[in-house]
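Chains as they are written, first to last, in this note's numbering: chain A, 4 to 844; chain B, 7 to 252. No residue lacks a Cβ here, since even glycine has one placed at the ideal position from N, Cα and C. Since we're looking at a predicted model, the values are computed, not measured.
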Amino acid sequence: MMLGRYTWRQLTRRPGRTLLTLAGIVIGVAGVVAISLTTNATRRAYRSMFDDLTGQAALEVVAVGDAGFAPSQVTQIAEIAGVKSTSPAIQRVAALLTAKGPEGIMVLGEPLASERTGASPHEFVEGADLSTENDVLLVKTLARNQKISLGDKVKLFTVTGATEFRVAGLIEPRGAANFNGGMVAFIPMATAQRLFQLGDRVTSVQIMLDDGVSAETIEPKIAATLPDGLSVQPPSTRGQLAQQSLIATEQGLSTLSAVSIVAGAFVILNAFLMSLGERRRQLAILRAIGVTRRQVTHLLLREAVVLGVMGMILGTALGVVSSIALSGQMADLVGVSLPDIELSWQPFALAVAFGPGMAVIASLIPTIRAAARPPLADLLGVPTLADAGARKVPLVAGLVLLVFTLTCVAALLGGFFPGSFVSWTPAPLMGMLLVSIILLSPAAFPYAARAVAALLRPVWGIEGRLAVRQLERNSNRTSLTGAVLCVALVVTIAMGQSIRNNIGDLEEWTKKTITADYLVRTTLPDLGFTINALLPEGMINDLKPLDGVRSVHPLNFFQTKVNGRQAIVLARAFEDDETATLDIAVGDRDSVVRGLLAGETVVGNALAQQLDVTVGDELEIKTRSGLKSLRIAGVVTEYIVGGMAIYIQRERARELFGFDGADVFMITAMPGEVDPLGKVLASFCDSRGLNLQSNAEFRARISQMVAGVVGFLWLLLGLVFVVASLGIVNTLTMNVLEQTREIAVLRTVAMRRRQIRLMILYQAASLGLASLAPGVGMGLILSYLMNLSTHALIGQPVEFTVSFWYIAGCCGACLVMALLAAWFPARRASRLEIIHALQYE
Amino acid sequence: MEQSCVAAVEMRGLRKVFGEGATRVEALAGVDLDIAPGHFVAVMGPSGSGKSTLLHLVAGLDKPDSGELRVAGQDILKMTDDELTLMRRRRMGMVFQSFNLLDVLTAEENVSLPLVVDGISEAEATKLAAAALERVGLARRGQHRPRQMSGGEQQRVAIARALAIKPVLLLADEPTGNLDSHNGDQVMHLLRELVDQGQTILMVTHNPAHAEMADRIVTFRDGSIVDDQWPQRAGSTATVHRGALP
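Printed below as a string of structure tokens:
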């Protein structure tokens with residue numbers, strides 16, 4: 004207990020220092036917890052989405068494209084040993100026409116109550132089961148949000164147009180009704196077939212297995228019995244592409260997690276080094292009265308653990324709250340409802356590892372070294388050789404780590420790592436690179452500080468010269484503080500550049516690929532393009548005659564397997580310059596277009612990298628009539644579903660996949676008619692309950708989706724800077740304390756308060772200025788490496804550009820933060836009572 | 007007073023050198039000295055004479071370059087760092103010129119710290135600490151922090167900390183160096199009382215008046231003993247004893 008009191012009082016003795024250390028831990032833990040919870044929720048959303056929809060079905064048979072298939076084609080499945088039962092299903096997306104506009108909704112076909120062989124699977128809140136062909140069952144949450152009551156009329160928009168239904172019942176969001184946050188409607192099976200022009204076809208056959216039978220073993224047996232154009236898969240496969248497209252986002256968040264952990268650990272290390280440096284005498288007293296080295300180490304590590312636990316608790320709380328906000332942004336990004344944050348054990352295990360764990364690891368070496376110091380020297384206040392030698396260790400370690408990391412990066416880029424490593428190695432590599440920069444910064448900083456002092460000597464007066472002397476007086480502390488500022492600058496420049504380059508690339512792609520003036524569709528699709536409803540094919544004939552329309556081109560997208568991988572097919576026209584808008588990465592434009600018109604395909608960069616294919620290679624694509632080979636005419640930059648996409652000329656795609664209707668109509672206006680056409684189209688869409696988006700609105704929407712997640716990243720970077728400035732407050736406060744008598748002497752010999760303040764501000768300015776060159780240099784290197792790693796990860800190069808104004812802004816922010824951090828210590832220094840200060844020891 | 011046959015401290019040919027080449031200083035030039043139990047030995051000499059170095063070696067805070075050194079019969083030159091630390095904790099009490107109390111702890115906590123660290127229960131340690139503070143006349147100041155005490159009181163707390171462990175030997179390095187004359191005298195009278203109760207004390211001091219309160223005054227110059235006096239003291243029960251033990 005007494006040692007516990009000692010620990011607690013030691014921590015509260017220097018509240019600023021303790022707060023600084025705590026802030027480092029909180030930032031690290033909060034970042035990790037928030038990102039972990041959010042990515043878990045996002046993955047669960049897609050993983051469980053289709054499992055909810057299909058209930059107990061372990062597998063399902065689906066057709067390629069949107070044409071559906073006759074259930075009679077798969078009756079043989081029921082005879083296979085291990086299959087308990089099969090059930091035909093219709094699951095298609097329609098648009099629910101609401102007062103706020105069309106909303107994507109999954110429509111499921113069900114038997115009428117009179118046709119059921121057993122009880123209804125639904126739990127009714129109000130009303131009853133489907134009894135007539137125009138009845139619909141809605142989930143109570145959806146009904147509440149849209150202010151729909153039992154008995155109301157609602158409209159569903161499909162390829163056959165808008166159809167009115169009566170709300171026959173409101174049900175609990177259980178089982179299939181839980182899909183995408185309750186965005187589900189149940190209508191009679193026959194009505195569904197009519198609405199989606201399926202005839203007697205269905206969209207899938209659900210397969211229930213006997214107890215103890217695994218899906219993996221029975222899947223190939225079922226596949227062997229299927230005709231061309233049909234495939235068997237776990238229901239969650241439909242969400243795989245969306246998960247794939249999130250990889251880059253998740254990787255960016257993971258990288259930021261790693262960065263926040265490393266930055267936090269460095270702040271802790273810094274604070275501990277300063278603290279232990281100032282407590283040398285105290286530790287020597289303990290050793291002199293009989294406390295062994297091990298006991299001193301335990302005592303100091305106990306402080307780290309206490310701080311770590313406190314930081315873990317605060318960081319976890321902040322992380323959970325942040326994850327709710329971040330989830331909202333992610334939901335906006337992916338376009339589906341995310342489940343509630345699940346407080347599983349993993350994020351908290353991470354919190355324990357990165358809270359107390361990080362605090363102990365960061366403080367371990369300084370603690371062991373402090374405990375091992377011979378007590379006599381510190382009792383007498385004599386410097387030892389160990390002080391000088393100790394600086395070499397981090398320098399050597401930093402160089403070794405830097406060489407190792409750069410070697411790994413080169414290996415990654417050279418393709419020497421197995422494919423499974425590519426997705427997760429960039430984050431730890433960036434972390435290691437940052438650690439090496441951190442280890443090298445204190446060694447590099449004194450040179451930068453001297454250079455700044457030499458440059459500014461002609462311009463600043465006695466206050467500046469005294470400021471530099473004071474910084475040199477405690478070079479360890481100065482180097483550590485400058486290094487923290489340097490690292491904050493490195494992180495901000497590297498992450499910020501990366502974010503800007505990626506957004507710039509996305510904007511460039513959008514500009515090149517989506518050139519139509521307007522997009523007409525039922526609803527906005529989700530990130531994985533799993534929830535999108537078709538427009539009637541014939542609508543093109545209604546759109547073309549509208550005033551101001553120059554051209555109308557339909558676009559379709561649907562999932563299939565390409566060389567065994569789930570990918571999305573983008574089917575559109577490429578007849579002319581207006582339509583052949585692609586961000587070509589490999590191949591020349593003429594041959595790419597020629598190839599597409601000849602029935603070849605163009606593949607997204609990420610998919611090309613994963614399949615290791617390029618122009619001239621053949622892709623094996625699953626179509627309704629089996630596997631077909633298509634030659635690759637070109638490789639393009641593609642952001643849809645993370646680049647896991649192929650383009651095919653629309654008519655050729657219709658031959659291969661058999662679809663009817665369009666997902667989007669892309670409309671180009673006559674010259675000078677863009678705005679008037681907008682008004683005409685608005686009226687057209689309003690009357691039909693369709694979604695209209697101008698090109699500017701489309702780009703703004705993309706920016707908005709990205710901005711939410713990116714905003715979180717900027718916030719985290721901002722916090723890193725704030726923590727760095729806390730370090731400066733700490734250092735300058737300590738400097739002022741040490742200079743108390745000297746400041747009193749200066750005041751006595753007629754230096755004014757203003758000059759004293761200036762002296763302290765010059766210290767802060769020196770720290771800030773000395774951080775700029777190494778910070779910018781190392782930040783740009785890290786940024787370039789991050790850019791190269793992005794290529795390895797997502798399969799497409801992102802142009803590396805350096806924004807002068809962004810770098811200048813970061814440098815300006817660094818200096819401003821340093822000066823703001825100096826305000827309080829400067830004020831305190833200028834207000835010292837001279838007489839008391841002269842007696843200060 | 008009865009005396010043990012084993013010397014509290016025995017040193018033979020103790021040598022310690024600092025620095026190299028032009029900065030080489032022979033702090034101790036082959037010192038022979040025995041300190042009997044129950045004696046109060048004051049070590050005097052000008053700055054740089056080796057007296058503080060001698061104290062540091064006896065405390066195990068530094069190692070000699072050659073010679074022999076035994077404390078309470080144990081050869082401390084063969085001890086590891088941990089063994090030396092335990093030696094200081096259990097058998098030696100240390101009092102410093104600048105008191106060296108931990109200012110985050112109360113007086114009672116400072117005194118009980120070595121006991122708690124040694125594994126004694128806090129309740130027991132508190133009892134022993136209270137007794138030690140009583141002995142130095144600070145029973146009522148146990149809950150005060152060092153910054154709430156005068157220099158003399160702080161030094162008495164430091165003495166109580168040294169006494170709490172019931173040391174074989176109490177080492178005092180300029181214990182009155184930072185005190186005014188009144189407080190300095192108070193501390194010296196306390197040390198004298200402890201010796202009269204059987205405590206062995208080795209003290210380094212600059213103050214001749216305070217050295218006179220010891221049983222024996224050993225004077226150093228340039229690393230060697232140049233004088234070894236046994237001043238007669240009224241009421242002293244210490245046996246006059248010169249040189250090595252029989």
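Since residue i is in the alpha helix (DSSP H), which residue starts that stretch and which ends it?
i	result
Pro-359(A)	359-375
Val-748(A)	743-751
Ala-685(A)	677-691
Leu-600(A)	592-600
Arg-480(A)	478-516
Lys-224(A)	218-228
Arg-284(A)	283-291
Ser-118(B)	113-123
Tyr-642(A)	Looking at the DSSP string, Tyr-642(A) is not in any alpha helix (DSSP H), and its letter there is neither H nor E.
When the distance is taken between beta carbons, is residue j closer than 8 Å to residue i?
i	j	result
Val-552(A)	Ala-672(A)	yes
Leu-34(B)	Leu-60(B)	yes
Ala-451(A)	Ala-773(A)	yes
Val-142(B)	Leu-196(B)	yes
Ile-441(A)	Ala-486(A)	yes
Ala-268(A)	Ile-364(A)	yes
Glu-114(B)	Gly-148(B)	yes
Leu-537(A)	Val-162(A)	yes
Val-174(B)	Arg-97(B)	yes
Can you give me the start and stop residues for the beta strand (DSSP E) that residue i sits inside?
i	result
Leu-622(A)	621-626
Met-754(A)	Per DSSP, Met-754(A) belongs to no beta strand (DSSP E) and is neither H nor E.
Val-64(B)	Note, Val-64(B): premise wrong, no beta strand (DSSP E); alpha helix (DSSP H) at 57-64.
Pro-557(A)	552-565
Pro-191(A)	187-191
Phe-46(B)	46-50
Asn-608(A)	Segment 608-614 is the alpha helix (DSSP H) holding Asn-608(A); no beta strand (DSSP E) there.
Lys-156(A)	156-161
Asn-694(A)	694-697
Met-98(B)	98-101
Looking only at its own chain, which residues have a Cβ that is under 7 Å from the Cβ of residue i, when we skip the five neighbours before and after it?
i	result
Val-32(A)	Gly-314, Met-315, Gly-318, Thr-319, Gly-322, Ala-354, Phe-357 and Gly-358
Ser-10(B)	Any answer about Ser-10(B) is weak, because its pLDDT of 47 lies below 50 and its placement is not dependable; what the coordinates show is given next. Result list for Ser-10(B): Pro-43, in chain order.
Leu-695(A)	Tyr-521, Val-523, Leu-684, Ala-685 and Cys-688
Gly-7(A)	none
Tell me, to the nearest whole angstrom, how far the beta carbon of residue i is from that of residue j; I am working on the premise that it is less than 8 Å.
i	j	result
Ala-825(A)	Gln-766(A)	7 Å
Leu-144(B)	Glu-159(B)	6 Å
Leu-488(A)	Ser-439(A)	About 18 Å separates the two Cβ atoms, so there is no contact after all.
Ala-178(B)	Met-209(B)	4 Å
Ala-98(A)	Leu-141(A)	Rounded, the Cβ-Cβ distance is 14 Å, inconsistent with contact.
Pro-350(A)	Leu-40(A)	5 Å
For residue i, which residues from the same chain have a beta carbon less than 6 Å from its beta carbon, with the 5 sequence-adjacent residues on both sides left out?
i	result
Ala-829(A)	Arg-760, Ile-763 and Leu-764
Leu-791(A)	Leu-416
Ile-165(B)	Val-101 and Val-142
Phe-226(B)	Gly-51, Ser-55, Gly-56 and Lys-57
Gly-249(B)	The pLDDT assigned to Gly-249(B) is 38, lower than 50, so where the model puts this residue is not dependable, and the model offers no usable value.
Excluding the five sequence neighbours on either side, which residues of its own chain have a C-beta within less than 8 Å of the C-beta of residue i, listed in chain order?
i	result
Pro-252(B)	Reliability fails at Pro-252(B), whose pLDDT of 33 lies under 50, so the model's placement of it is uncertain and the value that follows must be treated cautiously. If we look at Pro-252(B) and ignore the five residues flanking it on each side, it has no Cβ neighbours.
Leu-600(A)	Phe-577, Glu-578 and Gln-652
Asp-155(A)	Arg-169 and Val-170
Against residue i, what residues of chain D qualify as contacts under a CB-to-CB distance less than 8 Å, listed in chain order?
i	result
Asn-189(B)	In the structure shown, chain D cannot be found, because the protein chains are A and B.
What are the residues in the region 83-96 of chain B lying within 9 Å of chain A by C-beta distance? Close to chain A, meaning a Cβ-Cβ distance shorter than 9 Å, are the following residues of the region 83-96 of chain B: Asp-87, Asp-88, Thr-91, Leu-92, Met-93, Arg-94, Arg-95 and Arg-96.
By the 9 Å beta-carbon criterion, what residues does the region 271-301 of chain A contribute toward chain B? So the close ones are Arg-284, Gln-285, Ala-287, Ile-288, Leu-289, Arg-290, Ala-291, Ile-292, Gly-293, Val-294, Thr-295, Arg-296, Arg-297 and Gln-298.
For the region 7-21 of chain A, enumerate the residues whose C-beta is nearer than 8 Å to any C-beta of chain B, in chain order. Within the region 7-21 of chain A, the qualifying residues are Arg-8, Tyr-9, Arg-12, Gln-13 and Arg-16.
Return the residues of the region 354-378 of chain A that lie within a Cβ-Cβ distance of less than 7 Å from chain B, sorted by chain order. Those residues of the region 354-378 of chain A that come within reach of chain B (Cβ to Cβ, closer than 7 Å) are Pro-378.
Taking a Cβ distance cut-off of 9 Å, strictly less, list which residues of the region 735-760 of chain A are near chain B, in chain order. Residues: none.
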